[in-house]
Amino acid sequence: MKSIKQSVFVVRELVSREIKRKYSRSHLGILWSVLNPLLYMAVLSLIFSAVFRKSIENYPVYYLTGFLLWNFFTLATNGAMTSLVDNKPLLLQMKLPRLIFPTARVLSALVNFCYSLAAYLVILLVFRIPIRVSAAAFPVIVVLTVLFSLGIGFGLSILYSFFGDIRYLYGVLLTLWMYLSALFYPVEILPEGVKSLIRWNPMYSYISGARDCILYGRMPDGGTWFSMILWGVGIFALGWWIFRKGQTKIVEKL
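Each residue of the sequence shown is one higher than the one before, starting from 165 at the first, in this note's numbering.
Structure below.
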């Protein structure tokens with residue numbers, strides 16, 4: 165019990181440190197968590213609203229819903245990837261569960277995501293999107309996205325400790341991944357083969373599920389739920405297993 169309390173305390177302190185460091189040189193501070201998604205939404209809406217106006221109703225909300233989840237995922241996994249190397253002094257000097265370092269980075273991204281929801285609620289009000297019963301599924305989708313991000317983050321943190329170049333390779337992969345997640349275009353306009361590829365994309369499952377329950381006022385269908393749960397729980401378990409196997413060699417490498 166004492167060890168658990170210590171770990172929770174360290175995670176809380178690490179999350180607090182990450183949030184403070186993120187905005188330490190910014191005059192607007194945490195307000196950027198609200199402004200950033202709005203600025204992205206404004207730019208993309210200006211560019212694509214006219215193109216997809218007939219096929220996507222309330223395009224800014226459509227884009228922002230996907231962007232918020234995607235931004236959380238990229239911040240969480242990129243942060244978790246470098247967490248062990250960045251915390252090398254703590255890792256070597258203190259007997260702490262190594263799992264807490266990538267976990268703290270993912271939770272820091274989650275805090276940032278929660279701040280961003282303030283902007284999201286404002287946009288929902290502006291576009292008169294009612295909060296229906298189906299919105300109760302949104303927190304569940306967020307939790308599953310967190311599990312998926314933790315799994316990816318655990319694996320990346322081990323890989324980065326041994327192969328620093330993985331950071332650049334992952335950046336390229338994220339660019340491709342983003343375009344296959346249908347953030348700013350409707351899947352219906354794509355050829356059938358590309359549609360199938362996108363529907364296998366785990367992040368598209370979370371984004372599509374969030375749009376269903378918030379924008380369209382309906383619960384995600386059974387196939388979407390199955391995909392979200394399978395990817396979330398499965399990747400979390402795989403990432404945890406990889407981390408458990410590789411963590412004993414981290415200290416020697418560092």
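Think of the CB as a built atom: it goes at the ideal place given N, C-alpha and C, for glycine as much as any other residue.
Nearest C-alpha to Ala-244 among Ser-313, Gly-398, Gly-328, Tyr-380: Ser-313. Here the alpha carbon of Gly-398 sits roughly 14 Å from the alpha carbon of Ser-369.
Residue state for Thr-388 is assigned as helix, using DSSP reduced to three classes.
Membership of Ser-247 in the alpha helix (DSSP H) is indicated by the continuous run 247 to 250. When secondary structure is reduced to three states using DSSP, Asn-365 falls in the coil class, being assigned neither helix nor strand.
In the DSSP annotation of this structure, the continuous segment of the alpha helix (DSSP H) that includes Arg-269 starts and ends at 264 to 290. Phe-348 carries a coil assignment under DSSP once its states are collapsed to helix, strand and coil. Less than 8 Å divides the Cβ of Ile-362 from the Cβ of Leu-344. The beta carbon of Leu-354 is closer than 6 Å to none in its chain, skipping five residues each way along the sequence. Sorting Ser-321, Gly-387, Ala-301, Phe-348 by C-alpha distance to the C-alpha of Lys-413 places Ser-321 at the top. For Asp-376, the three-state secondary structure derived from DSSP is helix. Going by DSSP, Ala-301 is part of the alpha helix (DSSP H) stretching over 301 to 326.
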